[in-house]
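Residue numbers (the working numbering): -10 to 243. Beta carbons are placed, not taken as given, at the ideal position from N, Cα and C, and that holds for glycine. Have a look at the structure below, then the notes.
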């Protein structure tokens, strides 16, 4: 993984020549390991390293990608949609990581301290939505954001949300995770001045069509400032919220 800032500082301090710096910057942008081409320039381009989508990959494939990223200097790696059985096998393969069972996510390395002063508020309509919300929360934390969680505040008991107006009004970004009719996003969108990222979940009875009802309701929200990601896409919501929070927030002062 190329650390441009360190390279530039080395040139500035005359610890590296310009030609050596150019050679470093021209290093191959990806590593071909046969079954995958690991993107080594993702952090340089987007500010965050490549994330491993665990579903559909064997533990051996995941281990190969993780080891390649570590060899190229990546110290924090997120593995999403990682089932417990695969996580156990990764441990057997010698991969040192922390498994977050609610989020079905593995984290290699230590989740960094928040880089920004503002925070992202992750909310759910019900307890059954927590796995998707936790995927969003951990993704945002991996990106260096401060995250607050506010779960089970669905519209069936609106007083629960209204009792937390301080957090709702002071968040830089709100992630609203809800199944059933997906009304939570509209409610929060009508209460807060911050952008709301709506995440429909597949939670609900038969007529919810596996989250399609919540998706359509969120897409048709009458509240301004509500955007929608795909069904159960906690990762996408957490990543987008992290990007927004980074633009809104001042750096943390130590």
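> Is it the case that the Cβ atoms of residue 82 and residue 48 are separated by a distance below 8 Å?
Replying inline: Yes; because the gap between Cβ atoms is below 8 Å, this pair is in contact.
>> Just verifying my parser: in three-state terms, what is the DSSP assignment at residue 61?
In response: Coil at residue 61, not helix or strand.
> Of the choices 128, 110 and 130, whose alpha-carbon is the least far from that of residue 155?
Replying inline: In terms of CA proximity to residue 155, 110 leads the group 128, 110 and 130.
> Could you give the C-beta distance for residue 190 and residue 226, rounded to a whole number, given that I count them as a contact under 8 Å?
Replying inline: The pair is not a contact, with the Cβ atoms about 11 Å apart (cut-off 8 Å).
> For residue 204, does the three-state DSSP call read helix, strand or coil?
Replying inline: In the structure shown, residue 204 adopts helical secondary structure according to DSSP, grouped into three states.
>> Could you give the first and the last residue of the continuous alpha helix (DSSP H) run that contains residue 148?
In response: Note, residue 148: alpha helix (DSSP H), 147 to 151.
> By Cβ distance below 6 Å, which residues in the same chain neighbour residue 175 in space, the five residues on each side in sequence not counted?
Replying inline: Only 210 and 212 meet the Cβ criterion.
>> What ranges does the beta strand (DSSP E) occupy inside the stretch 37 to 88, keeping only unbroken runs of at least 3 residues that lie completely in it?
In response: DSSP assignment within the stretch 37 to 88 yields the following whole beta strand (DSSP E) runs of 3 residues or more, N-terminal first: 66 to 69.
> By DSSP, does residue 95 sit in helix, in strand, or in coil?
Replying inline: In the structure shown, residue 95 sits in a strand (DSSP, three-state: E or B).
> From 177, 171 and 108, pick the residue whose C-alpha is nearest to that of residue 118; which is it?
Replying inline: Ranking the options by Cα distance to residue 118, first place goes to 171.
> Whose C-alpha, out of 73, 39 and 107, is nearest the C-alpha of residue 62?
Replying inline: For the residues 73, 39 and 107, the minimum Cα distance to residue 62 belongs to 39.
> Are there three or more Cβ pairs, one per stretch, closer than 8 Å when the stretch 54 to 68 is compared with the stretch 91 to 106?
Replying inline: When C-beta atoms of the stretch 54 to 68 are compared with those of the stretch 91 to 106, three or more pairs fall below 8 Å, so the two segments count as touching.
> Over what stretch of residues does the beta strand (DSSP E) that includes residue 245 continue unbroken?
Replying inline: Nothing in the structure corresponds to residue 245, since the chain is present only between -10 and 243.
>> Once DSSP output is grouped into helix, strand and coil, what is the label at residue 120?
In response: Three-state DSSP puts residue 120 in a helix.
>> With distance defined between alpha-carbon atoms, name the residue in 84, 222 and 147 nearest to residue 54.
In response: It is 84.
> Smallest Cα separation from residue 199: which of 73, 149, 144 and 220?
Replying inline: Considering only alpha carbons, the answer is 220.
>> Measuring straight from C-alpha to C-alpha, what distance separates residue 71 and residue 115?
In response: Residue 71 and residue 115 have their C-alpha atoms roughly 23 Å apart.
>> Does residue 20 come out as helix, strand or coil in the three-state DSSP assignment?
In response: Note: residue 20 maps to strand in three-state DSSP.
> With 16 other CB atoms within 10 Å as the buried threshold, where does residue 207 fall?
Replying inline: Buried.
> Since residue 177 is in the alpha helix (DSSP H), which residue starts that stretch and which ends it?
Replying inline: In the DSSP annotation of this structure, the continuous segment of the alpha helix (DSSP H) that includes residue 177 starts and ends at 173 to 180.
> If residue 141 and residue 149 are in contact, beta carbons under 8 Å, what's the gap, nearest whole angstrom?
Replying inline: 7 Å between Cβ atoms; contact.
> Taking the C-alpha atoms as reference points, what is the distance between residue 27 and residue 65?
Replying inline: In a straight line, the C-alpha of residue 27 is about 15 Å away from that of residue 65.
> Using the C-alpha atoms, what's the distance from residue 6 back to residue -2?
Replying inline: Rounded to whole angstroms, the gap between the alpha carbons of residue -2 and residue 6 is 11 Å.
> Can you find a C-beta in chain B that's less than 8 Å from the C-beta of residue 184?
Replying inline: Judged by its chain identifiers, the structure shown contains no chain B, having just a single protein chain.
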